[in-house]
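Numbering (UniProt numbering), first residue to last: 1 to 156.
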């Protein structure tokens with residue numbers, strides 16, 4: 001009789017993060033979504049495709065953190081993007097990493113796509129039709145987070 005490995009009973013660490021989805025509307029054929037391929041230097045999901053994301057710092061609102069991550073990872077300032085929608089939280093439990101991801105999704109329009117300069121967290125970036133997102137090997141629940149942002153409430 002072989003013994004089955006015990007399922008991990010260690011509690012998962014709640015980890016609130018933001019994921020911002022950046023859209024451009026200046027190309028023929030409809031909106032294009034920015035995705036970035038995570039570098040080997042990031043802490044999780046190396047090599048996977050993602051939106052612009054990061055941990056929510058203590059005492060910082062998700063919206064403030066979204067703008068911070070956009071500035072750090074793309075070089076775009078608040079005058080170069082426009083918040084369109086904020087989606088409902090999406091949750092993902094990753095037993096292997098010991099984390100309970102609490103994802104706050106945001107949808108932004110990029111007003112200056114030519115100004116984007118990715119930082120060390122991404123090895124490359126692509127603009128894709130949003131419908132093609134499922135063709136990429138992404139971080140967990142990226143498509144669901146995008147759909148939540150799309151369904152979210154419009155921002156003033």
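Glycine included, every Cβ here is placed at the ideal spot set by N, Cα and C.
| Check | Outcome |
| --- | --- |
| Can we say the stretch 134-150 touches the stretch 71-91, given the rule of at least three CB pairs closer than 8 Å? | yes |
| Can you tell me which of the three DSSP states residue 50 falls into? | strand |
| Check each candidate in 30, 46, 13 and 143 and name the one with the smallest Cα separation from residue 123. | 46 |
| Is it buried or exposed, residue 120, if we count other Cβ atoms within 10 angstroms and call 16 or more buried? | exposed |
| The alpha helix (DSSP H) spanning residue 63 covers which residue range? | 62-74 |
| Could you compute how far the alpha carbon of residue 56 sits from the alpha carbon of residue 20? | 12 Å |
| For the putative contact between residue 98 and residue 13, defined by C-beta atoms under 8 Å, what is the C-beta separation to the nearest angstrom? | 6 Å |
| Verify whether the separation of the beta carbon atoms of residue 34 and residue 110 is less than 9 Å. | yes |
| Check this for me: beta carbons of residue 53 and residue 81, under 9 Å apart or not? | no |
| Compute the beta-carbon to beta-carbon distance between residue 94 and residue 129, rounded to the nearest angstrom, for a pair I have assumed lies under 8 Å. | About 28 Å separates the two Cβ atoms, so there is no contact after all. |
| Who are residue 15's beta bridge partners in DSSP? | 101 |
| Under a Cβ-count criterion, where at least 16 other Cβ atoms within 10 Å of its own Cβ denotes burial, should residue 43 be classed as buried or exposed? | exposed |
| From which residue to which residue does the beta strand (DSSP E) around residue 122 run? | 122-128 |
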